[in-house]
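As you go down the protein sequences, you meet chains Z and E in turn. Counting the first sequence from 1 gives a position; the working numbering is that position plus 321. Counting the second sequence from 1 gives a position; the working numbering is that position plus 17. Beta carbons: idealized from backbone N, C-alpha and C, even for Gly. Below is one structure, written out as structure tokens, with a few remarks after it.
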Amino acid sequence: GEDVEQSLFLSVREGDSSVINCTYTDSSSTYLYWYKQEPGAGLQLLTYIFSNMDMKQDQRLTVLLNKKDKHLSLRIADTQTGDSAIYFCAESIDSSASKIIFGSGTRLSIRP
Amino acid sequence: DSGVTQTPKHLITATGQRVTLRCSPRSGDLSVYWYQQSLDQGLQFLIHYYNGEERAKGNILERFSAQQFPDLHSELNLSSLELGDSALYFCASSVKSRGGELFFGEGSRLTVL
Chain Z
322 GEDVEQSLFL
332 SVREGDSSVI
342 NCTYTDSSST
352 YLYWYKQEPG
362 AGLQLLTYIF
372 SNMDMKQDQR
382 LTVLLNKKDK
392 HLSLRIADTQ
402 TGDSAIYFCA
412 ESIDSSASKI
422 IFGSGTRLSI
432 RP
Chain E
18 DSGVTQTPKH
28 LITATGQRVT
38 LRCSPRSGDL
48 SVYWYQQSLD
58 QGLQFLIHYY
68 NGEERAKGNI
78 LERFSAQQFP
88 DLHSELNLSS
98 LELGDSALYF
108 CASSVKSRGG
118 ELFFGEGSRL
128 TVL
């Protein structure tokens, strides 16, 4: 089946690291994505990783992929108030059709 | 600004009516994806077009239809509207036919009364 699951909420203290987790079901996924949605706005791509990679780092963002467990995580170092948003995990399903399926999103809130 | 334009931004209509949502992709992008975002369903994939052809269908109701025109803009038609169709409808475009980076519009908020 095609399903992407995320926890709904995460609260972290400003300056700490945030880790947002995601599991997916389709083993034929080629791209795995993290998108950010701020209030009243569309989704913005933060980063993506090819399924043949284990890790990708981009400034404060680190993406880890465990293909065996079909688990994807996004780590945001030194979390700031501007990081408050909903974070969506998504997978590109290419085996039979070109779909990009999103999780329900994780709402990240920052405590002072 | 993602370069993807959606109109209208807001739409209020009554049950049983029909509406058309429009999407202009980024210049050069051939793929258009439609998504529905509601509070209790998250972001649901509806349909994907590439260069005028339907490539993939998701959980799109039979009351909904879409097309992509030769100039690559796309329209999502919603008919016999029900209260539960109230949602934010996003369009996204990509240069690729499969995968790749999606650029999202700001969405069309539909309210059905």
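Legend entry - L89/E - DSSP class collapsed to helix/strand/coil: Coil.
Inset, instruction - Run through the stretch 353-429 of chain Z for me and flag every whole beta strand (DSSP E) of 3 or more residues, listed as ranges in chain order. - result: Runs found: 364-371, 376-379, 382-387, 392-397, 406-414 and 420-423.
Inset, instruction - Would you verify that the beta carbon of G33/E is, or is not, closer than 7 Å to some beta carbon of chain Z? - result: Taking Cβ atoms only, chain Z never reaches closer than 7 Å to G33/E, which makes this a no.
Inset, instruction - Give a yes or no on whether the minimum CB-CB distance between F423/Z and chain E is below 7 Å. - result: So yes, F423/Z belongs to the interface.
Legend entry - Touching by the beta-carbon criterion (3+ pairs, under 8 Å), the stretch 82-95 of chain E and the stretch 393-401 of chain Z: Touching, no.
Inset, instruction - Tell me, please, whether the stretch 405-413 of chain Z touches the stretch 422-432 of chain Z by the rule of three or more beta-carbon pairs shorter than 8 Å. - result: Here the stretch 405-413 of chain Z lies against the stretch 422-432 of chain Z, with 3 or more beta-carbon pairs under 8 Å apart.
Inset, instruction - Classify Q54/E as buried or exposed, calling it buried when 16 or more other Cβ atoms lie within 10 Å of its own Cβ. - result: Looking at its Cβ environment, which holds 16 or more other Cβ atoms inside 10 Å, Q54/E is buried.
Legend entry - Chain-order list of residues whose beta-carbon lies under 7 Å from that of S103/E (same chain, five-residue window excluded): Excluding residues within five positions, the ones whose Cβ falls inside 7 Å are L127, T128 and V129.
Legend entry - Runs of beta strand (DSSP E) lying entirely within the stretch 21-94 of chain E, each at least 3 residues, in chain order: The qualifying runs are 22-24, 27-30, 36-41, 48-55, 59-67, 70-74 and 81-85.
Legend entry - Backbone CA spacing between S97/E and I422/Z [nearest angstrom]: Cα-Cα distance, rounded: 26 Å.
Legend entry - Sub-7 Å separation of D324/Z and I414/Z beta-carbons: No, the Cβ-Cβ distance between D324/Z and I414/Z is not below 7 Å.
Legend entry - Buried versus exposed call for R432/Z [16 or more other C-beta atoms within 10 Å across all chains shown]: Exposed, by the Cβ-count rule.
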